[in-house]
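Peer 1: The structure that follows is given in the form of structure tokens.
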Amino acid sequence: MRQLSVLCSLLLLSGCVVSSPQKSQYQAEYPNRQDIRSHSLYRFVTTPLKPGGDEYKGTDDLALLFYVSSKNAATVELRFNYPAKTLQATSLDAQNNALSQQTWALLDESAAKPTDSNSRHFWLTKDGVLRTQYKNCTPDMSVGCRWVDREMFITRSGDMAVQYAEGSAGMAFLVIPFYGSQKYLGIFPKVAGT
1 MRQLSVLCSL LLLSGCVVSS PQKSQYQAEY PNRQDIRSHS LYRFVTTPLK
51 PGGDEYKGTD DLALLFYVSS KNAATVELRF NYPAKTLQAT SLDAQNNALS
101 QQTWALLDES AAKPTDSNSR HFWLTKDGVL RTQYKNCTPD MSVGCRWVDR
151 EMFITRSGDM AVQYAEGSAG MAFLVIPFYG SQKYLGIFPK VAGT
């Protein structure tokens, strides 16, 4: 009987939090996406149609996501060089003057993560989606893992969609199980004429 009450207490104490406020929008857009490789040049407004949840997660400011200057930036230009497997991101002001630039490597989706921790890279999937992935399973007072994934794709209307997903799972103090995940979606309008 005592074991049963301990088990019930643990279940009550265990944490499980799941948040995905834009899930229905993602489910409507993702199956109808365009292959990002259909063009080599894109321009998007730096702010989304509707705030996604947190500017530092890449769903509220496209310039921050691509590590280019967001100060005075009106648009972000993405220039893909598929044969060289690179992506050049440039932030532009309202007069189309370049503010800053960052070059990213495009890795095949099956490629291993680069050993250089300062490497700027995206995985490019077979179906034309850009992804980033981060996972950390460092033990401290608990056993668990934390992960962060970003998925970037072109919507059916040609806008840039960015889904940010983060989560963690494990055993706090080696006793209390926990799980939490959050997903945010930002849709960045394409610039007319691009």
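In terms of our numbering, the sequence shown has 163 at position 163, counting the first letter as 1, and numbering is strictly consecutive.
Just so it is clear, CB atoms sit at the ideal spot from N, CA and C, and this is done for glycine as well.
This one's a predicted model, so the numbers in the text were calculated from it and none came from an experiment.
(1) Unbroken alpha helix (DSSP H) runs of length 4 or more, entirely within the segment 19-97: which are they?
(2) Would ALA169 pass as a contact of TYR184 if the rule is Cβ separation under 8 Å?
(3) With H, G and I counted as helix, E and B as strand and the rest as coil, what does DSSP make of THR103?
(4) When you compare each of LEU41, SER91, ASN72 and ARG79 to LEU65 by their alpha carbons, which one comes out closest?
(5) Please report the distance separating the alpha-carbon of THR132 from that of TYR26.
(6) Go ahead and pull the three-state DSSP assignment for VAL148.
(7) Which first and last residues belong to the beta strand (DSSP E) in which ASN136 is found?
(8) Please classify VAL76: is it buried, with 16 or more other beta-carbons within 10 angstroms of its beta-carbon, or exposed?
(9) Pick out whichever of ASP149, LYS190, THR115 and LYS71 has its Cα sitting closest to the Cα of SER100.
(10) Let's see if you can read the secondary structure: which residues bound the beta strand (DSSP E) around VAL162?
(11) Can you look up PRO189 in the DSSP assignment and give me helix, strand or coil?
(12) Buried or exposed: where does GLU109 fall if 16 or more other Cβ atoms within 10 Å of its Cβ makes it buried?
(13) What residues in its chain sit with their C-beta under 8 Å from that of SER9, if we drop five residues either side in the sequence?
(14) Assign PRO83 to buried or exposed, taking buried as 16 or more other Cβ atoms, counted over all protein chains shown, within 10 Å of its Cβ.
(15) Using a 10 Å radius around the Cβ and a threshold of 16 neighbouring Cβ atoms, would you call MET160 buried or exposed?
Peer 2: Considering the structure as presented:
(1) Contiguous alpha helix (DSSP H) elements confined to the segment 19-97 occur at 23-29 and 62-65, taking only those with 4 or more residues.
(2) In terms of Cβ geometry, ALA169 and TYR184 do not form a close pair [threshold 8 Å].
(3) Of the three classes helix, strand and coil, the one that applies to THR103 here is strand, per DSSP.
(4) Residue SER91 is the option with its Cα nearest to LEU65.
(5) C-alpha separation (whole angstroms): 17 Å.
(6) Residue state, collapsed to three classes: strand.
(7) For ASN136, the enclosing beta strand (DSSP E) has its first and last residue at 130-136.
(8) Buried, by the Cβ-count rule.
(9) The shortest Cα separation from SER100 among ASP149, LYS190, THR115 and LYS71 belongs to LYS71.
(10) Unbroken beta strand (DSSP E) run through VAL162: 160-172.
(11) Note: PRO189 maps to coil in three-state DSSP.
(12) Residue burial is scored here from C-beta neighbours: GLU109 has fewer than 16 other C-beta atoms within 10 angstroms and is therefore classed as exposed.
(13) Below a pLDDT of 50, predicted positions are generally treated as unreliable, and SER9, at 46, falls in that range; no measurement from the model is reported.
(14) PRO83 counts as exposed, since fewer than 16 other C-beta atoms from the protein chains shown sit within 10 angstroms of its C-beta.
(15) So MET160 counts as buried.
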